[in-house]
Every structure is written in C-alpha cells, then in structure tokens.
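In the numbering used here, the protein residues as written are 109 to 551.
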C-alpha cells in the first residue's frame, strides 16, 4: 500500500471509467493514485467542464430572436433578426389571426380567424412544428400570454367571450364575458389586469385576472382594434381605426387621459422596451407614426410598405418589424434613426408579427438544437409559392374584399349575419368590412 501511494511507482490498471461532460465523453483509464494526483485530475475535469460551458456561452452571445410573421392564409414565415432574412416558411391550418409568444420565447400561440374554425395552434419554436392544437369552440382573433407564461387569453370573434388557456395542459379553464366582438388583448406587466378592445362597442374592457371578471369598461374612439400596455404598466394605448387616433388609458384609474391623432386607419401598436416611444401603423397612409410618450404627441412619421398591419420590437428595442400586407414585405426600422434600413420580401400577405425563441437568454434551450432552426428538416417548407398559387391567393382575397365591402355597405347594423354567411371569411375580411364602414362614414 505504501508503494502504491507514491506517484511514479507502478499503478495497477483496472477497468475503464468515463467522464461525462454534457454532450461528449472522455474515456480514461481508472487507476489508483495519490491524493495529489487525484486533486490534479479533479482540477483538469473542472477545467474541461468550464471550457465547455464557455463555448456554449460564446455560441449564444449576440444571438438574435426569430420573427414569426403570420400570412393571410396558412403560412408562417420565419425571419432571423440577426441577418434579416427569411430562413423558412412553415404551414399551419386555417387563417392566422394573431400570435402570442411565451416569456421564454419557446412557444407561440396562433389564433385562427376563419369562419368555422375552432383551433388555436401551438408552435414549438425550437423545432418549428405545431406542438398542440387547442379547441376554443369558435374562430379566434386576439391572443396574449401572461408574464408568468402560465395562461393564454384568447378572444372569440362574433361573441362576447375571452377564453383562458392553461399553457401546461393546453386546455380552456375559464371564460370571461366582455363587449361584443372582442378583438386584441394586452396584459399589464404584473399580470393582474387585461385590456380587451371591442370594435363593435367602441370600448376597451378591463379584466381582473384573479377573479376573471370585468372591472370596468372604458369608452375610447371609433372601431378600436389593437391595444398595448407600457413596460411600466401605467398606460394602455388603443388604436381607434375609425377615428384615426390613439386613446391613452391610465391603468391606475382606467380613464382616458389623452387622445393622439395619427395616420388614417391605424392598426397595429407597439411600445419600445424603454417605454419612451409608441409606434402605430397606419394602413391608409403606408406609414408608422411615432408617439413620444412624455408629451403624447407624434414626433415623426416613417414611410413603410403598403398597408402596414402588425408591428413588433426586438427585445433590446433597437429594431422594429412592420408587416406590410399590400406589398408582401416586412419593413425593418432602425429605432435610433426612425428610418427603414431594409425590406424583407414575404410571399403570403403578412398580417401580424411575434418575436420568439430568445436564444441569448436561454442556454439550455440553445444546447438542445436551437442553432439548427434554419436547416433541420422538421416539416418546414421553404418559401416557394408558384405563380399560380400566388394568383389564386390574390384572386381569392380580391373577391372576398369586394363582396365583403358590398355586404358592409348594405347590411347596416346586421354585420354579424353577413360575416357568418361568407365562406372562408377570415381576419382580413373582417378588417376589410370595418375599413369599408369607416370609408362610408368618412364620406
């Protein structure tokens, strides 16, 4: 035993052991050795693990999230925000309405605004596949995930219902009655209150998330559509597509404290992470209005593509992405200069945008295959619509728009029955109806 403790003496080899360091292993001979040698080996192992961890961290440093762009039909285009290129296009069922991403960026909930649909699709952003389908018993419009990532709130079109989905089980657990035709949803940063627009009622409902009941309703402008809450939770901003303005609601009192005039037919709204600017897309003016939140006034207007709809910021707020429905593009805005720095072609009439898969804040997620998002064959189809397919989409959309505008002009207050009888009528059809009504009212 005394000889065996001396380093440099004969060491009797026994079996083979293995050091496991995450995804690789190093085979080493198992030997009897001195305490000093054992400590040295331990240090070497620790050094190896540290190096491996550093390599993982280096691989995700500066990594950017992906922008998920919902198209008019069943397409979701995926943009790498680091390179501002479309890496892939995946297919889902129905007519995507809005998208909501979980706080960790790993799951996206996509509503289906098509007549007769009852599904909300759940996309796994690591594999870019539909992970689950939630039955919401009606076609859905708006969606929002609470800050804890435990609940998703979904509005059901042609109803008065907001449904609550448990993200662990992907099942509906509660129902809240609000104004007619609930649209978009926004949640306060502390998760205690929800704001829901209702374009048929010209109101925004405030919901208590603990009791799942309406606290109050706030009168806003005409045809309220989108809504967003400031990062500090003190303000809610509502786009009023019929009155061409934005209502600023103080969340402490649930009163409108300011009304800001913007471009014609405002649609999407987003607040930058610093809470200093609010960006509003204007469908009719092909522009984005920038509101200074300190003075509640438009300070600049940014020209973008045709018929801008949805808008979203990257997590650091340095860029904003705008979906341009009419020009089949996404405009990328440099928020430091408030100018468009690049334009990305999208094949399927982009409507809404959500940012997901925040690789730089989730090392474990990165190590499970996130880096291969653009190259793995996981059921993703590359964007490659034929000219016939594109023409068919254009023709179908044109026909829907024409018939829906006619219906809106003759239906008066009976809008719901006209909408329900239109086959394949989706989110854009509904908005076209609202737009037609706004144009008639303007005349």
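Glycine included, every Cβ here is placed at the ideal spot set by N, Cα and C. Remember, predicted model here, so these are calculated numbers, not experimental data.
Candidates the options: closest to residue i by CA position
| i | options | result |
| --- | --- | --- |
| residue 202 | 248, 209 and 190 | 248 |
| residue 421 | 338, 353 and 239 | 338 |
| residue 182 | 206, 451 and 410 | 206 |
| residue 306 | 274, 267 and 300 | 267 |
| residue 301 | 315, 308, 288 and 311 | 315 |
| residue 419 | 340, 394 and 237 | 394 |
| residue 215 | 354, 222 and 252 | 252 |
| residue 334 | 172, 424 and 313 | 313 |
| residue 379 | 356, 210 and 373 | 356 |
| residue 265 | 281, 390, 304 and 404 | 304 |
| residue 237 | 200, 271 and 331 | 200 |
| residue 455 | 257, 241 and 196 | 196 |
| residue 343 | 353, 351, 370 and 359 | 359 |
| residue 384 | 374, 375 and 404 | 404 |
| residue 349 | 204, 374, 449 and 453 | 374 |
| residue 191 | 311, 180, 178 and 173 | 173 |
| residue 242 | 217, 320 and 317 | 217 |
Residue i, DSSP secondary structure in three states
| i | result |
| --- | --- |
| residue 325 | strand |
| residue 274 | strand |
| residue 395 | strand |
| residue 314 | strand |
| residue 172 | coil |
| residue 413 | coil |
| residue 426 | coil |
| residue 376 | strand |
| residue 463 | strand |
| residue 347 | strand |
| residue 206 | strand |
| residue 445 | coil |
| residue 285 | strand |
| residue 194 | strand |
| residue 217 | strand |
| residue 362 | coil |
| residue 340 | coil |
| residue 370 | coil |
| residue 71 | In this structure the chain extends from 109 to 551, so residue 71 is not present and cannot be described. |
| residue 484 | Residue confidence is low: residue 484 scores 31 on pLDDT, short of 50, so the model does not pin down where it sits. Its coordinate-derived value is still stated next. Three-state DSSP puts residue 484 in coil, outside helix and strand. |
| residue 290 | strand |
| residue 332 | strand |
| residue 225 | coil |
| residue 405 | strand |
Buried or exposed by the 16-neighbour rule on C-beta atoms within 10 Å, applied to residue i
| i | result |
| --- | --- |
| residue 175 | buried |
| residue 254 | buried |
| residue 220 | buried |
| residue 289 | buried |
| residue 227 | buried |
| residue 553 | The structure shown does not extend to residue 553, since the chain spans only 109 to 551, so no value can be given for it. |
| residue 109 | Because the pLDDT of residue 109 is 46, which lies under 50, any placement of that residue in the model is unreliable, and the number read from its coordinates should be weighed accordingly. Looking at its Cβ environment, which holds fewer than 16 other Cβ atoms inside 10 Å, residue 109 is exposed. |
| residue 277 | exposed |
| residue 193 | exposed |
| residue 270 | buried |
| residue 368 | buried |
| residue 291 | buried |
| residue 437 | buried |
Quiz item: On the three-pair Cβ rule with 8 Å, is the region 395-405 touching the region 178-188?
Solution: Fewer than three Cβ pairs drawn from the region 395-405 and the region 178-188 lie within less than 8 Å of each other, which leaves the two stretches out of contact.
Self-check item: At least 3 beta-carbon pairs within less than 8 Å: the region 356-366 vs the region 308-326
Solution: Contact between the region 356-366 and the region 308-326 is present, with at least three C-beta pairs closer than 8 Å.
Quiz item: Unbroken beta strand (DSSP E) runs of length 3 or more, entirely within the region 231-278: which are they?
Solution: DSSP runs (the beta strand (DSSP E)) wholly in the region 231-278: 237-243, 248-253, 259-264 and 269-274.
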